[in-house]
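*Asks:*
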């Protein structure tokens, strides 16, 4: 399963490499400007769905996804910012104590941040599959999928972490490709896990 996800993600990314680089550059500029960040993040993940399904991707479709789902994008962005700020506040708060228990609390909130990031990657990959995209529904489905397949999601987190570390060593990689690769990887992960979920009842029947 994990090897299949990685292999398909590599092939999909290679097939649309030039466009993914262009979209990654747009996303990076949007992240620097902050305000367009949710819009471009949704556009990128909806486009990643097209990539994994072998559909052609264009600038018009990319921005069209953003315009169609801008409201959900900013609901997600606001909620995500609030949660991450709250979690990070707790990490820095407990850093002010020198006791052993404070270190344990710090590690606990760092683990919560990691879990939250996995949930958001999964939710972003789920949004394009929803007939009527909604924040609560996407988060609930993401939580179910992560809960049922924790090992696969842990590997997803480790691979994404590896890409980010590589980008820290080579910043240009983050500017031109890293986020697009993560979007394709998360999308393929959700695709294959959902396919397995749907296949299990048929096998039991």
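Residue numbers (our numbering): 3 to 207. Backbone N, C-alpha and C define an ideal beta-carbon position, used for all residues, glycine too.
1) Work out the CA separation of residue 132 and residue 197 for me, nearest whole Å.
2) Is it buried or exposed for residue 51, if we count other Cβ within 10 angstroms and need 16 for buried?
3) Ordered along the chain, which non-local residues of its own chain (more than five positions away) have a Cβ less than 6 Å from that of residue 169?
4) Starting from the C-beta of residue 41, find all residues in its chain whose C-beta is less than 6 Å away, skip the five residues before and the five after it, and write them out in chain order.
5) Any idea if residue 191 is buried or exposed, counting beta-carbon neighbours within 10 angstroms, 16 or more meaning buried?
6) Indicate the three-state DSSP secondary structure (helix, strand or coil) for residue 31 in the structure shown.
7) Going by beta carbon distance, what residues of the same chain come within less than 8 Å of residue 47, once the five residues before and after it are set aside?
8) What is the DSSP secondary structure of residue 166, counted as helix, strand or coil?
9) Is the beta carbon of residue 120 closer than 9 Å to that of residue 108?
*Replies:* Taking the geometry as given:
1) 15 Å
2) buried
3) 175, 176 and 180
4) 68, 72 and 75
5) buried
6) helix
7) 126, 127, 129, 130, 185, 188 and 189
8) helix
9) no
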